[in-house]
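See structure below.
In my numbering, the protein residues as written are -8 to 499.
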């Protein structure tokens, strides 16, 4: 339901070559997608600066062009509430694709469905941020539950869990997989597909993940909080990553507090680094603002640091899940281990996990941290499909090993909780290899057989040729000897006849 999610989709569709138009207030859109806003396109065609420059004579023409632009588009993008805009009154949408549906209230989800929808696809993740409902009585009436989650619970409705992730380095996805998804989330990529960014000293060579302990001081600013010590450490990390070769647009900074987001922006600007206000700068935003976004490297500033206070909404496991899963190649978390360690459901298990895997920098003793409580809310899907504590232990043990062979194998498969699927995939690969090998062997044998047959035919031919003259000679010889015998017999008869004649004449 957020403008950020809409901008993400517009950017993706533009890259794919789809004719897309964004409906909504141009000021709510990112600078990169302004040229795809219906109002902005109409202003450009009318050659006026913006909507404020329109007079009564050009306003009707502007409306006509907007309708023309919407009709020409293959896809129209807007927020759920934006789908109720008068701009869309003349249009019917039979197919509706609703992204980040787990974050929208039921009422908001209904708005785009009333424009003639016959086919609807809801996409979302109930293990990430839920709908924002600020009124207690509405929460008590169950309006905090999204239509997406309600339909997922009603198991007779068609729904499918996408179990392969193609964003994160397997080391970055390892903790969320075990803690929030019950081991059901698989890696669709290998470690070598996401090389660690240069410019930062990663404590563990094969894991582009790090916790940087900073014992700063949280300060109140209005209703929000900030932490200057953390802001300075974040600046150092970002400088290093940029010097290491990453573009500013490939680095993101996430913080749960608006005051810290403002402080971080000012800190980077003072250091001469480009921020999101400049096109292609480092994007700094809240956790809520980063849902649906991704960067090559993410730096998280947790802010909370006090001797006795709690973590507030930083302890929300869904908010932590969003923050942990924005990075593709590198994740750095900056925070106070003592304060974070007071949360037994998410942060204490995470700190223990980074210690066990060797990603805690500098190495520190976290033995006093509590174990994960393991309640159903804190471990998401793990409540249905696995014990988070056991899964985390196995995950940490697996990543602690230095064996390159097991690392490659692990990067292609899920954690221990999805061994059935892992075996299935491995068997499939094995069968594929066998089939390919069998095909190659059969072709090889066929070729060999043909060659042998050819050779055999050649040999037979040669033998035949050699035998032929000998046979003809023996036949001619036997014929010759027969003739001689015949002649000899004839001579004998003649001689006998003559002898008889002579004897007869003598007697007479």
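We put the beta carbon where it would ideally sit given N, CA and C, even for glycine. Quick caveat: nothing in here was measured; it's all calculated off a predicted structure.
C-alpha distance - residue i paired with residue j, whole-angstrom precision
| i | j | result |
| --- | --- | --- |
| residue 302 | residue 244 | 19 Å |
| residue 80 | residue 97 | 22 Å |
| residue 1 | residue 192 | 36 Å |
| residue 256 | residue 38 | 34 Å |
| residue 371 | residue 308 | Residue confidence for residue 371 is low, a pLDDT of 44 falling below 50, so the modelled location carries little weight; the figure read from the coordinates is stated next. Approximately 8 Å, taken between the alpha carbons. |
| residue 134 | residue 71 | 16 Å |
| residue 161 | residue 76 | 42 Å |
| residue 139 | residue 344 | 32 Å |
| residue 91 | residue 319 | 20 Å |
| residue 41 | residue 152 | 44 Å |
| residue 143 | residue 117 | 9 Å |
| residue 355 | residue 346 | Unreliable placement is indicated for residue 355, whose pLDDT of 39 sits below 50; the coordinate value is still reported in the next sentence. Distance between the alpha carbons of residue 355 and residue 346: 8 Å. |
| residue 333 | residue 158 | 30 Å |
| residue 207 | residue 167 | 27 Å |
| residue 300 | residue 341 | 19 Å |
| residue -4 | residue 383 | 31 Å |
| residue 328 | residue 121 | 27 Å |
| residue 286 | residue 276 | 12 Å |
| residue 178 | residue -1 | 23 Å |
| residue 29 | residue 222 | 38 Å |
| residue 311 | residue 119 | 9 Å |
| residue 264 | residue 258 | 9 Å |
| residue 433 | residue 447 | 21 Å |
C-beta contact flag for residue i and residue j at 7 Å
| i | j | result |
| --- | --- | --- |
| residue 65 | residue 10 | yes |
| residue 215 | residue 250 | yes |
| residue 239 | residue 290 | no |
| residue 292 | residue 228 | no |
| residue 242 | residue 232 | yes |
| residue 247 | residue 313 | no |
| residue 189 | residue 115 | no |
| residue 12 | residue 61 | yes |
| residue 112 | residue 88 | yes |
| residue 201 | residue 352 | yes |
| residue 17 | residue 25 | yes |
| residue 83 | residue 14 | no |
| residue 322 | residue 163 | yes |
| residue 209 | residue 294 | yes |
| residue 165 | residue 379 | no |
| residue 194 | residue 349 | yes |
| residue 203 | residue 325 | yes |
| residue 137 | residue 95 | yes |
Residue i in three-state terms, based on DSSP
| i | result |
| --- | --- |
| residue 117 | coil |
| residue 191 | coil |
| residue 180 | coil |
| residue 293 | coil |
| residue 34 | helix |
| residue 44 | helix |
| residue 39 | coil |
| residue 285 | coil |
| residue 312 | helix |
| residue 442 | helix |
| residue 262 | coil |
| residue 112 | strand |
| residue 66 | strand |
| residue 230 | helix |
| residue 20 | coil |
| residue 80 | coil |
Opening and closing residue of the alpha helix (DSSP H) in which residue i lies
| i | result |
| --- | --- |
| residue 72 | Counting along the chain, residue 72 falls outside any alpha helix (DSSP H), and DSSP gives it neither H nor E. |
| residue 136 | Careful: residue 136 lies outside any alpha helix (DSSP H) and carries neither H nor E. |
| residue 3 | -6 to 6 |
| residue 57 | 47 to 63 |
| residue 339 | 338 to 348 |
| residue 210 | From DSSP, residue 210 is part of no alpha helix (DSSP H) but of the beta strand (DSSP E) over 210 to 212. |
| residue 97 | 97 to 101 |
| residue 382 | 379 to 391 |
| residue 168 | 161 to 170 |
Residue i - containing beta strand (DSSP E), residue span
| i | result |
| --- | --- |
| residue 88 | 86 to 89 |
| residue 243 | 242 to 246 |
| residue 201 | 200 to 204 |
| residue 11 | 11 to 13 |
| residue 326 | 318 to 326 |
| residue 217 | 215 to 217 |
| residue 274 | 274 to 277 |
Examine the Cβ distances between the region 102 to 121 and the region 44 to 54 and report whether three or more of them are shorter than 8 Å.
-> no
Pair every Cβ in the region 175 to 184 with every Cβ in the region 336 to 349, then say whether three or more of these pairs are closer than 8 Å.
-> no
At a cut of 8 Å, does the region 207 to 222 reach the region 162 to 181 through at least three beta carbon pairs?
-> no
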